[in-house]
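Residues in the sequence shown are numbered consecutively from -5, following the numbering used here.
All C-beta atoms in this analysis are idealised placements derived from N, C-alpha and C, irrespective of residue type, glycine included.
All values reported here derive from a predicted model rather than from experimental measurement.
Here the structure is laid out as C-alpha coordinates; the discussion comes afterwards.
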Amino acid sequence: MKIKKAEVTATVVRRDQYPPELSLDIVLAGRSNVGKSSLINRLINRRGLARTSSSPGKTRTLNFYGINDTWYFVDLPGYGYAKVSHAEQNNFKKMVDSYLTSGRRMMVWQIIDLRHPPSALDHQMSEYLKASGLPYLTVATKADKLSKNEIAKNKAMVKRELGLTEDELVVFSAQSGLNKEVLLARIETLIGEARLLSEKRITEGEGL
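As C-alpha coordinates, then:
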(Lines of atoms letter the chains of each structure in order from A and count residues from 1; the text may use other names and numbers.)
(Lines give C-alpha, C1' and ligand atoms only; values in the text may rest on other atoms or scores of the structure.)
Protein backbone atom coordinates (compact mmCIF):
# COMPACT_ATOMS: atom_id res chain seq x y z
CA MET A 1 0.00 0.00 0.00
CA LYS A 2 1.29 3.45 -0.95
CA ILE A 3 0.36 6.38 1.27
CA LYS A 4 -0.26 9.32 -1.07
CA LYS A 5 -2.23 11.57 1.26
CA ALA A 6 -2.40 11.94 5.03
CA GLU A 7 -3.96 14.73 7.05
CA VAL A 8 -5.41 15.58 10.43
CA THR A 9 -9.14 15.38 9.72
CA ALA A 10 -10.79 15.96 13.09
CA THR A 11 -10.11 16.30 16.80
CA VAL A 12 -13.27 15.36 18.67
CA VAL A 13 -14.80 14.54 22.04
CA ARG A 14 -18.43 13.74 21.02
CA ARG A 15 -20.21 11.56 18.47
CA ASP A 16 -21.73 14.52 16.66
CA GLN A 17 -18.19 15.69 15.86
CA TYR A 18 -17.05 12.49 14.14
CA PRO A 19 -16.02 12.96 10.50
CA PRO A 20 -17.98 11.14 7.76
CA GLU A 21 -17.23 7.43 7.58
CA LEU A 22 -14.76 6.12 5.03
CA SER A 23 -13.98 2.45 4.37
CA LEU A 24 -12.45 1.80 7.77
CA ASP A 25 -11.19 3.21 11.07
CA ILE A 26 -7.91 1.77 12.37
CA VAL A 27 -8.11 2.58 16.08
CA LEU A 28 -5.01 2.83 18.25
CA ALA A 29 -5.46 2.07 21.95
CA GLY A 30 -2.65 1.84 24.48
CA ARG A 31 -1.01 3.21 27.58
CA SER A 32 0.22 6.78 27.60
CA ASN A 33 3.58 7.19 25.89
CA VAL A 34 3.59 3.68 24.38
CA GLY A 35 4.36 4.98 20.88
CA LYS A 36 1.01 5.33 19.09
CA SER A 37 1.95 8.59 17.38
CA SER A 38 5.33 7.21 16.32
CA LEU A 39 3.59 4.18 14.79
CA ILE A 40 1.27 6.41 12.77
CA ASN A 41 4.12 8.57 11.52
CA ARG A 42 6.20 5.55 10.50
CA LEU A 43 3.38 3.83 8.61
CA ILE A 44 2.50 6.95 6.63
CA ASN A 45 6.10 8.16 6.19
CA ARG A 46 5.30 11.54 7.71
CA ARG A 47 7.52 12.38 10.65
CA GLY A 48 5.39 15.09 12.23
CA LEU A 49 1.74 14.45 11.32
CA ALA A 50 0.89 12.75 14.61
CA ARG A 51 2.62 14.79 17.28
CA THR A 52 4.85 12.81 19.60
CA SER A 53 5.73 13.87 23.12
CA SER A 54 8.03 12.68 25.89
CA SER A 55 5.30 13.74 28.33
CA PRO A 56 2.64 11.03 28.83
CA GLY A 57 -1.05 11.93 28.75
CA LYS A 58 -0.76 14.40 25.87
CA THR A 59 -3.63 12.96 23.79
CA ARG A 60 -6.92 13.91 25.46
CA THR A 61 -9.23 13.77 22.45
CA LEU A 62 -10.09 11.34 19.65
CA ASN A 63 -7.75 12.30 16.82
CA PHE A 64 -8.80 11.26 13.30
CA TYR A 65 -6.13 11.13 10.59
CA GLY A 66 -7.51 10.72 7.06
CA ILE A 67 -5.35 8.47 4.86
CA ASN A 68 -5.64 8.41 1.05
CA ASP A 69 -9.24 9.69 1.42
CA THR A 70 -10.03 6.02 2.10
CA TRP A 71 -9.55 5.25 5.80
CA TYR A 72 -8.69 6.80 9.15
CA PHE A 73 -6.19 6.24 11.87
CA VAL A 74 -7.99 7.10 15.12
CA ASP A 75 -5.71 7.81 18.09
CA LEU A 76 -7.45 7.31 21.44
CA PRO A 77 -6.33 8.98 24.69
CA GLY A 78 -3.69 6.86 26.42
CA TYR A 79 -5.03 4.88 29.34
CA GLY A 80 -3.48 4.73 32.80
CA TYR A 81 -1.96 8.22 33.05
CA ALA A 82 -1.68 8.75 36.82
CA LYS A 83 -1.55 12.56 36.81
CA VAL A 84 -5.02 12.86 35.26
CA SER A 85 -7.80 13.37 37.83
CA HIS A 86 -10.30 10.60 38.51
CA ALA A 87 -13.09 12.70 36.99
CA GLU A 88 -11.06 13.27 33.83
CA GLN A 89 -10.25 9.56 33.60
CA ASN A 90 -13.99 8.83 33.73
CA ASN A 91 -14.61 11.37 30.97
CA PHE A 92 -11.95 9.70 28.82
CA LYS A 93 -13.56 6.30 29.43
CA LYS A 94 -17.02 7.54 28.46
CA MET A 95 -15.63 9.22 25.34
CA VAL A 96 -13.78 6.08 24.25
CA ASP A 97 -16.68 3.72 25.07
CA SER A 98 -19.06 5.94 23.09
CA TYR A 99 -16.79 5.78 20.06
CA LEU A 100 -16.09 2.04 20.25
CA THR A 101 -19.85 1.32 20.41
CA SER A 102 -20.77 3.83 17.68
CA GLY A 103 -21.22 1.20 14.97
CA ARG A 104 -18.51 2.60 12.70
CA ARG A 105 -16.53 -0.02 10.78
CA MET A 106 -13.29 -0.32 12.72
CA MET A 107 -10.43 -2.53 13.77
CA VAL A 108 -8.73 -1.82 17.09
CA TRP A 109 -4.98 -2.12 17.44
CA GLN A 110 -3.93 -2.44 21.05
CA ILE A 111 -0.42 -1.00 21.29
CA ILE A 112 1.84 -2.41 24.01
CA ASP A 113 5.55 -2.09 24.86
CA LEU A 114 7.34 -5.33 23.96
CA ARG A 115 10.08 -4.62 26.51
CA HIS A 116 7.77 -5.14 29.48
CA PRO A 117 5.07 -7.61 30.56
CA PRO A 118 1.53 -6.37 29.84
CA SER A 119 0.26 -4.15 32.66
CA ALA A 120 -3.01 -4.67 34.51
CA LEU A 121 -4.60 -2.03 32.26
CA ASP A 122 -3.23 -3.80 29.16
CA HIS A 123 -4.93 -6.97 30.39
CA GLN A 124 -8.19 -5.08 30.97
CA MET A 125 -8.15 -3.59 27.48
CA SER A 126 -7.37 -6.97 25.92
CA GLU A 127 -10.31 -8.58 27.74
CA TYR A 128 -12.56 -5.65 26.76
CA LEU A 129 -11.70 -6.11 23.09
CA LYS A 130 -12.26 -9.86 23.19
CA ALA A 131 -15.69 -9.34 24.76
CA SER A 132 -16.65 -6.47 22.43
CA GLY A 133 -16.80 -8.50 19.24
CA LEU A 134 -14.70 -5.87 17.47
CA PRO A 135 -11.87 -7.09 15.25
CA TYR A 136 -8.59 -6.39 16.99
CA LEU A 137 -4.84 -6.83 16.73
CA THR A 138 -2.12 -6.45 19.36
CA VAL A 139 0.95 -4.54 18.16
CA ALA A 140 4.04 -4.81 20.36
CA THR A 141 6.27 -1.78 19.79
CA LYS A 142 9.86 -0.76 20.56
CA ALA A 143 11.29 -4.01 19.20
CA ASP A 144 14.44 -2.14 18.15
CA LYS A 145 15.36 -1.87 21.83
CA LEU A 146 15.68 -5.67 22.12
CA SER A 147 17.93 -8.37 20.70
CA LYS A 148 16.49 -11.06 18.43
CA ASN A 149 16.50 -13.54 21.31
CA GLU A 150 14.76 -11.04 23.59
CA ILE A 151 12.15 -10.32 20.91
CA ALA A 152 11.33 -14.03 20.58
CA LYS A 153 11.22 -14.51 24.35
CA ASN A 154 9.05 -11.45 25.03
CA LYS A 155 6.73 -12.18 22.11
CA ALA A 156 6.04 -15.64 23.56
CA MET A 157 5.45 -14.07 26.97
CA VAL A 158 2.93 -11.54 25.58
CA LYS A 159 1.05 -14.25 23.68
CA ARG A 160 0.87 -16.35 26.82
CA GLU A 161 -0.20 -13.55 29.18
CA LEU A 162 -2.85 -12.06 26.89
CA GLY A 163 -4.01 -15.35 25.40
CA LEU A 164 -3.19 -14.37 21.81
CA THR A 165 -2.67 -16.49 18.72
CA GLU A 166 0.27 -15.94 16.38
CA ASP A 167 -2.01 -14.07 13.97
CA GLU A 168 -3.27 -11.72 16.70
CA LEU A 169 0.16 -10.28 17.57
CA VAL A 170 2.57 -8.28 15.41
CA VAL A 171 5.97 -7.12 16.64
CA PHE A 172 6.81 -3.61 15.39
CA SER A 173 9.47 -0.92 15.54
CA ALA A 174 8.81 2.69 14.56
CA GLN A 175 12.57 3.22 14.58
CA SER A 176 13.54 0.47 12.12
CA GLY A 177 10.22 -0.05 10.36
CA LEU A 178 10.11 -3.73 11.35
CA ASN A 179 6.84 -5.26 10.06
CA LYS A 180 5.59 -1.96 8.65
CA GLU A 181 4.52 -3.70 5.44
CA VAL A 182 2.78 -6.44 7.43
CA LEU A 183 0.58 -3.86 9.15
CA LEU A 184 -0.15 -1.98 5.92
CA ALA A 185 -1.09 -5.27 4.23
CA ARG A 186 -3.56 -5.97 7.07
CA ILE A 187 -5.18 -2.60 6.46
CA GLU A 188 -5.32 -3.17 2.69
CA THR A 189 -7.07 -6.51 3.20
CA LEU A 190 -9.66 -4.94 5.50
CA ILE A 191 -10.33 -2.12 3.04
CA GLY A 192 -10.86 -4.69 0.28
CA GLU A 193 -13.33 -6.58 2.47
CA ALA A 194 -15.17 -3.34 3.27
CA ARG A 195 -15.50 -2.49 -0.43
CA LEU A 196 -16.86 -5.93 -1.26
CA LEU A 197 -19.41 -5.66 1.54
CA SER A 198 -20.46 -2.20 0.36
CA GLU A 199 -20.85 -3.40 -3.24
CA LYS A 200 -22.90 -6.38 -2.05
CA ARG A 201 -25.25 -4.11 -0.11
CA ILE A 202 -25.67 -1.83 -3.14
CA THR A 203 -26.40 -4.81 -5.41
CA GLU A 204 -28.91 -6.26 -2.94
CA GLY A 205 -30.56 -2.86 -2.65
CA GLU A 206 -30.93 -2.57 -6.42
CA GLY A 207 -32.54 -5.99 -6.48
CA LEU A 208 -35.38 -4.96 -4.18
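Check	Outcome
What ranges does the beta strand (DSSP E) occupy inside the stretch 31 to 119, keeping only unbroken runs of at least 3 residues that lie completely in it?	56 to 61, 65 to 69, 100 to 107
Relative to the alpha-carbon of N39, which residue among G171, E198, A134, P111 has its alpha-carbon at the smallest distance?	G171
Looking only at C-alpha atoms, which of Y130, S113, M119 sits nearest to L184?	Y130
For the beta strand (DSSP E) holding V152, just list the boundary residues, first then last.	Premise fails: V152 lies in the alpha helix (DSSP H), 142 to 156, not in any beta strand (DSSP E).
In this structure, how does DSSP classify I20 when only helix, strand and coil are distinguished?	strand
Report the three-state DSSP secondary structure of R8 (helix, strand or coil).	coil
Leaving aside the five residues before and after E243 along the sequence, list all residues of the same chain whose C-beta is less than 7 Å from its C-beta, in chain order.	Outside the shown range of the chain, which is -5 to 202, sits residue 243, and nothing can be said about it.
Confirm, please, whether the CB-CB distance from T132 to K175 is below 7 Å.	The amino acid at residue 175 is misidentified as Lys; the sequence shows Glu. No. Outside cutoff.
Classify Q118: buried if its beta carbon has 16 or more other beta carbons within 10 angstroms, exposed otherwise.	exposed
Output needed for Q104: all residues of its chain with C-beta closer than 8 Å, excluding positions within five of it in sequence on either side, in chain order.	A23, G24, D116, M119, S120, L123, Y130, L131, T132, V133
With DSSP as the reference, please indicate the residues paired to E1 in a beta bridge.	G60
G72 and E1 - do their beta-carbons sit closer together than 7 Å?	no
Out of S32, S96, L158, which has the shortest C-alpha to C-alpha gap to R9?	S96
Going by beta carbon distance, what residues of the same chain come within less than 6 Å of P13, once the five residues before and after it are set aside?	T3, A4, F58
Exposed or buried, what is K(-1) when buried is set at 16 or more other beta-carbons lying within 10 Å of its beta-carbon?	exposed
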